[in-house]
Structure formats: structure tokens, C-alpha cells
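One structure below.
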Amino acid sequence: MLNNLVLNNFQSGWDTSLLECDGNFIMKTCQRTLVLSFGQNPCKDEENTERLHLSGEDAYSYLLEVICGLKSQLVGENEIVGQFKTAYKAYTAQEDINTNLLLIIEKLFRDAKTIRSKYLLGLSQKTYASIARKQIVRHRNAEEVLILGSGQLAEDLINQFKKKAKVFVCARNKERVQELVKEHNIESIDWVDLEEVSNFAFIVNSIGFDGTLFDNDFFEAWTEKFDNKLFIDLGSPSILETEFGMEEGVMHLQDIFKEGAIHESRKKQQIKKARVAMEGIAARRHKLLETKLQSKILNTPANKTKIAYV
């Protein structure tokens, strides 16, 4: 069964509109676009496109590295698991899902959990949210923070900050905002009142879309209001269009990657062991799925009849 797994890894932002059918599983992150298929390669006409194409055990091993955060610029990060789960939920809601591909993805979740718990526990700075908290609370002693967005990353940020600072949330989805306010006992501000947003010295953005929400005019006015301040942008694609950087109190996603890289030397031995284990798990998963497939074939009514007369 695993022999039929096909993986195409494209750069972030690659257009998948023509592939969002025929049972393909698609996941988009700030660093890559993954297209998983079963028994066919829907991207075979994309020969001139920069991509990584893998199949079978190699594809499964690569996916294990991705979901465990070992292919991320912030090595060992946890947000990728939530992104996989979101993509999985969207996939199961489709009408034309491939049940074999679905089974492989479910096994992938299980194997990734094993790898993380056995080899990757304790890696420092595993999440974007934890780095944001360190920058704002530990380094700058913030008492209030505004979080932009209402998705999984926004909730991770809320959990990181709510015990250390007063948290406000601002997002387009009013219903989801109210759920977060009630669940986490935080406050909200209207979407999107830029004047009110600019009254916060510490802001973390988790929203990403093709467009601009915060430009130089916003940051010029914002930076004049505070001496101690920080705006952290975790959105992808970025909704910022500005030349302002760390010196002016604006931290971009690339700065987060650099922050995580500082700790990478401490992780190398654990990561090496995890990668070796992944190869073994992929091979074992291949055998188990083949056994499951053969058992399924032998136990179909037609084959049972044939066996009875042998």
C-alpha cells in the first residue's frame, strides 16, 4: 500500500487550485506546499516547476520529518502538527477522499507522536509562540499583549501569554473571538480598528493573507508612541509592508527562525537519533500496511469462495 504513496513538495504559496480534487491531500504552510496522492502523480506535468517528488517509503520518511518539525527552519517546532490536523480535517470533509491515503495519514500521525515522545521531548524553543513570549514577557516585561488572529496559532499564543500578561485578541471572525474570550478569560477589541491596535505596545500577529494590513504609515505612528515595544509578525503570507525591523521594534518571521537557530546545536544529537528511527518506522509501516492490504484482499467474499474450492 505504501508503494502507492506519492508526495510533491512545492515552495510556499504554490497554486494548488487545479489539484483540490481527485482525492489529493493538500497542506500549505509558510515554508512549503505539500500535495499527497495515492496511486498517481497529479503533478507530473509540472516538470519545470521547482519541487521535490518522492514516493513510497521515501515519501513517508520525509513526511515524518515534516510533521516532527525537522524540515522546518525553526527545528522541532510544534505548530506543524496543528497545521497537519487542520489539513486532515479539511480533507475528511471532502466528498472524494481516498480511503487508502486517509489510512496512511492516520498512521503518520501515530508514528510522528511516537518519534516526538521518544526522541524530541525537551527541545528548547519548540514553538513560534514560546519565542514570542520570551521576547515580549521575559525580555521586555510586558504587562499587556494584543494577539491578532483567532486560529490555532493565535490560541497557542494566548496559552503562552495569559499567565504572564493581560491578553487582548482581535480577529475578523467575531464568533470565534467570543469563544476565545470566554474560554481563556481574556478581552477583545474590534476588527480591525488600526487606531486602537496602535495603542498596544506589544502586538503579535498570527494572520496571513495576500494583502497589506500594516504599512509604514502605521509603524511610523506606532513607534513614536512607545519606547519599550515589539510587534512580532508570525503570519504567512505576511500582511506587513514595511522596511521597519528589529531596531524599530518590528520582528519578522525570519527573525524568529534566526532565534530558533541559536539553540540548534543543542538539538543535533536528538535529531540524528530521531531521523534514524524514522527510517526504521517507515520500513516497518510499509510491511504492516502490505500485510493489512493482503489480509483485506484474501478476506473479500470473492476470494473466500475461490479459496474454499482450492
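My numbering puts the first residue of the sequence shown at -14, with every later residue one more than the last.
Every residue gets a Cβ at the ideal spot worked out from N, C-alpha and C, and that includes glycine.
Just so you know, these numbers come straight off a predicted model, no measurement behind them.
* Asked: Are the CB atoms of residue 97 and residue 187 nearer to each other than 8 Å?
  -> For this step, residue 97 is matched to residue 112 along the sequence shown. For this step, residue 187 is matched to residue 202 along the sequence shown. Taking 8 Å as the Cβ cut-off, residue 97 and residue 187 do not qualify as a contacting pair.
* Assigned exposure category for residue 163 - 16 Cβ within 10 Å defines buried -> Within the sequence shown, residue 163 is the residue found at index 178, counting from 1. By the neighbour-count rule (16 or more Cβ atoms within 10 Å), residue 163 is not buried but exposed.
* Asked: In terms of DSSP beta bridges, what is residue 38 paired with?
  -> Taking the sequence shown and counting its residues from 1, one reaches residue 38 at position 53. Bridge partners of residue 38: -7.
* Around the C-beta of residue 263, are 16 or more other C-beta atoms found within 10 angstroms, so that it is buried, or is it exposed? -> As a working note, residue 263 is residue 278 in the sequence shown. Residue 263 counts as buried, since at least 16 other C-beta atoms from the protein chains shown sit within 10 angstroms of its C-beta.
* In the DSSP assignment, find the unbroken beta strand (DSSP E) run with residue 190 in it and report its ends. => Counting from one through the sequence shown, the residue named residue 190 turns up at place 205. Looking at the DSSP string, the run of the beta strand (DSSP E) that includes residue 190 is 187 to 190.
* To do: Leaving out five residues on either side along the sequence, give the residues of the same chain with a beta carbon under 7 Å from the beta carbon of residue 258.
  => Residue numbering aside, residue 258 sits at position 273 when the sequence shown is read from its first letter. Counting only Cβ-Cβ distances below 7 Å, and skipping sequence neighbours, we find 104.
* Of all Cβ atoms in chain D, is any one closer than 8 Å to the Cβ of residue 185? -> No chain D appears in the structure shown, which is made up of a single protein chain.
* **Segments assigned alpha helix (DSSP H), at least 4 residues, entirely inside the region 156 to 223** => 159 to 169, 179 to 182, 201 to 210
* Asked: By Cβ distance below 8 Å, which residues in the same chain neighbour residue 211 in space, the five residues on each side in sequence not counted?
  -> Numbered from its first residue, the sequence shown carries residue 211 at position 226. The residues are 186, 234.
* To do: Would you mind giving the Cβ-Cβ distance between residue 135 and residue 165, rounded to the nearest angstrom? I have them listed as a contact below 8 Å.
  => For the purposes of this step, residue 135 is identified with residue 150 of the sequence shown, where counting begins at 1. For the purposes of this step, residue 165 is identified with residue 180 of the sequence shown, where counting begins at 1. Between residue 165 and residue 135 the Cβ distance is about 6 Å, and since that is below 8 Å, they are a contact.
* To do: Look up residue -14 in the DSSP assignment and say whether it is helix, strand or coil.
  => Looking up residue -14 in the sequence shown gives position 1. Assignment of residue -14 by DSSP, reduced to helix, strand and coil, places it in the coil class.
* Asked: If you follow the alpha helix (DSSP H) that residue 13 is part of, which residue opens it and which one closes it?
  -> Residue 13 sits at position 28 when you count from the first residue of the sequence shown. Run containing residue 13: none in the alpha helix (DSSP H); it sits in the beta strand (DSSP E), 10 to 13.
* Asked: In or out: residue 48 buried (at least 16 other Cβ within 10 Å) or exposed?
  -> Position 63 of the sequence shown holds residue 48. Buried, because 16 or more other Cβ atoms sit within 10 Å of the Cβ of residue 48.
* Asked: What alpha helix (DSSP H) runs, 4 residues minimum, are completely inside the region 50 to 77?
  -> If we require 4 residues or more, the alpha helix (DSSP H) runs fully inside the region 50 to 77 come out as 64 to 77.
* **Spatially closest choice to residue 220 from 197, 205, 207, by CA coordinates** => Counting from 1 along the sequence shown, the entry for residue 220 is found at position 235. Nearest C-alpha to residue 220: 197.
* **Span separating the alpha-carbon of residue 133 from that of residue 73** => As a position in the sequence shown, residue 133 is number 148, starting the count at 1. As a position in the sequence shown, residue 73 is number 88, starting the count at 1. Straight-line Cα distance between these residues: approximately 24 Å.
* Just grab the DSSP bridge partners of residue 226 for me. => The residue given as residue 226 occupies position 241 in the sequence shown. Residue 226 pairs with 200.
* To do: Please go through the region 84 to 109 and give each complete alpha helix (DSSP H) segment of 4 or more residues, from N-terminal end onward.
  => 84 to 100
* Are residue 213 and residue 125 closer than 8 Å when you measure CB to CB? -> Within the sequence shown, the letter at position 228 stands for residue 213. Within the sequence shown, the letter at position 140 stands for residue 125. Their beta carbons are under 8 Å apart, which means residue 213 touches residue 125 by this criterion.
* Should residue 28 be labelled buried (16 or more other beta-carbon atoms within 10 Å of its own) or exposed? -> Mapped onto the sequence shown, residue 28 falls at position 43. With 16 or more other Cβ atoms within 10 Å, it is buried.
* Asked: What is the DSSP secondary structure of residue 5, counted as helix, strand or coil?
  -> On the sequence shown, position 20 is the one that residue 5 refers to. Coil, per DSSP.
* Asked: Got a sec, what are the start and stop residues for the beta strand (DSSP E) residue 316 sits in?
  -> Any question about residue 316 goes unanswered here, given that the chain covers just -14 to 295.
* **Member of 152, 223, 143 whose CA lies at the smallest distance from the CA of residue 239** => On the sequence shown, position 254 is the one that residue 239 refers to. For residue 239, the nearest C-alpha among the options comes from 223.
* Asked: Could you check where the alpha helix (DSSP H) with residue 140 kicks off and where it finishes?
  -> In the sequence shown, counting from the first residue as 1, residue 140 sits at position 155. For residue 140, the enclosing alpha helix (DSSP H) begins and ends at 137 to 146.
* Asked: Between the C-alpha atoms of residue 149 and residue 269, what's the straight-line distance to the nearest angstrom?
  -> For the purposes of this step, residue 149 is identified with residue 164 of the sequence shown, where counting begins at 1. For the purposes of this step, residue 269 is identified with residue 284 of the sequence shown, where counting begins at 1. Rounded to whole angstroms, residue 149 to residue 269 spans 44 Å at the Cα level.
* Is residue 243 helix, strand or coil when you go by DSSP? -> Here the question's residue 243 lines up with position 258 in the sequence shown. If DSSP states are grouped into helix, strand and coil, residue 243 belongs with the helices.
* Hey, would you say residue 217 sits closer than 8 Å to residue 156, going by beta carbons? -> For this step, residue 217 is matched to residue 232 along the sequence shown. For this step, residue 156 is matched to residue 171 along the sequence shown. Going by C-beta atoms, residue 217 is not nearer than 8 Å to residue 156.
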